[in-house]
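Notes for the one structure printed next.
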Amino acid sequence: MFNFQPCFSNILKLLFLLIVFVLPTIVSGDCTCDAEATKNNKSDALKYKVGSIALILLAGAVGVSIPLLGKKIPTLRPEHDIFFMIKAFAAGVILATGFIHILPDAFASLTSPCLNENPWGKFPFSGFIAMMSAIGTLMVDSLATGFYKRLHFNNSKQVNVVGEEMNGEHEGHVHVHTHATHGHAHGSATNPEDSNLAELIRFRVISQVLELGIVAHSVIIGISLGSSQSPQTIKPLLAALSFHQFFEGMGLGGCISQAQFKTRSAAIMATFFSLTTPVGIAIGIGISSVYNENGPTALIVEGIFDAASAGILIYIALVDLLAADFMSPRVQNSLRIQFGANASLLLGAGCMSVLAKWA
8 MFNFQPCFSN
18 ILKLLFLLIV
28 FVLPTIVSGD
38 CTCDAEATKN
48 NKSDALKYKV
58 GSIALILLAG
68 AVGVSIPLLG
78 KKIPTLRPEH
88 DIFFMIKAFA
98 AGVILATGFI
108 HILPDAFASL
118 TSPCLNENPW
128 GKFPFSGFIA
138 MMSAIGTLMV
148 DSLATGFYKR
158 LHFNNSKQVN
168 VVGEEMNGEH
178 EGHVHVHTHA
188 THGHAHGSAT
198 NPEDSNLAEL
208 IRFRVISQVL
218 ELGIVAHSVI
228 IGISLGSSQS
238 PQTIKPLLAA
248 LSFHQFFEGM
258 GLGGCISQAQ
268 FKTRSAAIMA
278 TFFSLTTPVG
288 IAIGIGISSV
298 YNENGPTALI
308 VEGIFDAASA
318 GILIYIALVD
328 LLAADFMSPR
338 VQNSLRIQFG
348 ANASLLLGAG
358 CMSVLAKWA
C-alpha cells in the first residue's frame, strides 16, 4: 500500500516555517511609506485580537471536524446526498474567498503607491502570479496523482504475479495470459477495485494540495489582523475570518474524509489547519510595534502570497471540488441532487461575497 502523507506533510511544514519565521523578519521595521491614519486604541484592539484567536481557532476546528464525524454520524458520510450539499456550499465559500477576498487584496498590495512604478506599476503581477500558481497546482496535482498511481499499480501487479507463482498457478497463468480474452477478463475483474483506488489517490492529493493553499493565506491574513491597532478594522475582519475558517474547514474536512486517511493523519491535518490563522494572529500581535503593513517589503511579500493562494484556491474549488462532483454520474443522474448542489454553491459563494462589504 502506498504512503505519500510524509511528502506533502514536509512541504506544508516547510511553508509554514518559512511564513512564520521569515516573513516577520523581512517586513519588520519597513517604514518608508506612512500608514493611513486610523482611529487606534491599542488596549481595545488587543482584547479583540486575543478573543479572535480563540474564536477563529474554534470556528476552524469545528468546521474541519464536522465532515470527519461521518464515521459516527451516518448523515455526514460521503455516500449521503447531504454531504454533496455541504461540500458544494464550502466550495462556493472557497471560490469566493479566492476571487473576492484574496485576489483583490493581492492587486491592492502589488499596485500600491508605496511601491516603485517600475516594475510593479508596469505589469499586472497579481494576475500573473495567480495564473502561474493555478498552473503550478495543476502540474503538482497531475504529477503527484500519476506518480502514486504508477507506484501502487506496479507494486500491486508484481505482488499478484509472485503470489500466483508461489501458489503453483504459473503454468496456467502463462498459457492464458497469451490470449487477449484473458487480459480482458482480468481487467474487468479488477477495474472496480482499480477505479476505487484511483479515486482514493485523487482525494488524498486534493486534500493536501488544498491545505497547502490554505496555509499560505491563513498565516498572512492572521498576521494582518494581529498587527492591526484599529478595533474598527479588526471587528469586521474577525466576523469574516470566523465564517471563512468554518466553511473552508468543512471543505477541507470533506476532502480528508473522502481520502480515508488514518485517524492520526486526519487529526494532524485538521489540527494544522485550525492553528494556522491563530498562529498568524499571535505573530502579528508580537510584531505589531514594528510591523508596517504599508512598507514596500511587506506589501510585496503579502501580495505575492495572496496572489499565489488565490490561484491555488480558485483551481482547487473549480477543478477538484466542483467539477469532480458536479460531473460525477451520481449527480448527473439525479435532478434533485443537481438542484441542491447548485443552490448550495450559489449560497456559499453569495454569503462569502457579501462579507467583502465589511472585510
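Under our numbering, think of the first position of the sequence shown as 8, with each following residue one higher. Here a beta-carbon is modelled for each residue, glycine too, at the ideal position from N, C-alpha and C. Remember, predicted model here, so these are calculated numbers, not experimental data.
{"Asked": "Within 8 Å, strictly: CB atoms of F280 and G67", "Found": "yes"}
{"Asked": "Between the CA atoms of A205 and E300 - distance to the nearest angstrom", "Found": "45 Å"}
{"Asked": "Residue span of the alpha helix (DSSP H) that contains G347, given as start and end", "Found": "342–361"}
{"Asked": "8 Å contact criterion, which P303 and L117 should meet: CB distance rounded", "Found": "Their Cβ separation, rounded to whole angstroms, is 11 Å, which puts P303 and L117 out of contact at 8 Å."}
{"Asked": "Separation of E255 from L352, as counted between CA atoms", "Found": "13 Å"}
{"Asked": "Range covered by the alpha helix (DSSP H) that runs through F280", "Found": "270–294"}
{"Asked": "Nearest candidate by alpha-carbon position, reference G143, set M359, G318, R337, P336", "Found": "G318"}
{"Asked": "Cβ pair G229, G287 closer than 8 Å", "Found": "yes"}
{"Asked": "In DSSP terms, what Y155 is bridged to", "Found": "Beta-bridge pairing links Y155 to no other residue."}
{"Asked": "Buried versus exposed call for T104 [16 or more other C-beta atoms within 10 Å across all chains shown]", "Found": "buried"}
{"Asked": "Candidates F210, N48, S119, R157: closest to V326 by CA position", "Found": "F210"}
{"Asked": "Same chain, Cβ closer than 8 Å to L354, five either side skipped, listed in chain order", "Found": "F96, G99"}
{"Asked": "Per-residue burial, T283 [other beta carbons within 10 Å of its own, 16 or more giving buried]", "Found": "buried"}
{"Asked": "Cβ contact (3+ pairs, closer than 8 Å) linking the segment 141–158 and the segment 224–239", "Found": "no"}
{"Asked": "Inter-residue CB distance, I323 and I208 (contact presumed, cutoff 8 Å)", "Found": "Actually they are not in contact, since the Cβ atoms of I323 and I208 sit about 16 Å apart, beyond 8 Å."}
{"Asked": "Residue range of the unbroken alpha helix (DSSP H) whose run includes F106", "Found": "That residue, F106, is in no alpha helix (DSSP H); it is neither H nor E in DSSP."}
{"Asked": "Integer-rounded CB distance, given that Q265 should sit under 8 Å from P120", "Found": "Not quite, the Cβ-Cβ distance comes to about 46 Å (not below 8 Å), so this is no contact."}
{"Asked": "Residues near A137 by beta carbon distance below 8 Å, same chain, minus five either side", "Found": "L110, A113, A314, A315, A317, G318, I321"}
{"Asked": "Contacts around L329, its chain only, beta-carbon distance under 6 Å, and the 5 residues preceding and following it disregarded", "Found": "A98"}
{"Asked": "G256, enclosing alpha helix (DSSP H) - first and last residue", "Found": "238–266"}
{"Asked": "Same chain, Cβ closer than 7 Å to I73, five either side skipped, listed in chain order", "Found": "L83, M257, G260"}
{"Asked": "Residues near F312 by beta carbon distance below 6 Å, same chain, minus five either side", "Found": "A223, I227"}
{"Asked": "Rounded C-alpha distance that separates P285 from F135", "Found": "30 Å"}
{"Asked": "S50 - containing alpha helix (DSSP H), residue span", "Found": "49–75"}
{"Asked": "Unbroken alpha helix (DSSP H) run spanning E124, endpoints", "Found": "Careful: E124 lies outside any alpha helix (DSSP H) and carries neither H nor E."}
{"Asked": "Environment of M276 [buried if 16+ CB atoms lie within 10 Å]", "Found": "buried"}
{"Asked": "Continuous alpha helix (DSSP H) stretch holding P303: start and end", "Found": "303–322"}
{"Asked": "Proximal residues to M173 (C-beta, below 8 Å), its chain only, five neighbours per side dropped", "Found": "Its pLDDT being 49, under 50, M173 is placed unreliably by the model, and the measurement read from it follows with that caveat. Closer than 8 Å at Cβ, skipping near neighbours: no residue."}
{"Asked": "Cβ-Cβ separation, L62 to L245 (assumed contact under 8 Å), whole Å", "Found": "7 Å"}
{"Asked": "Range covered by the alpha helix (DSSP H) that runs through P336", "Found": "336–339"}
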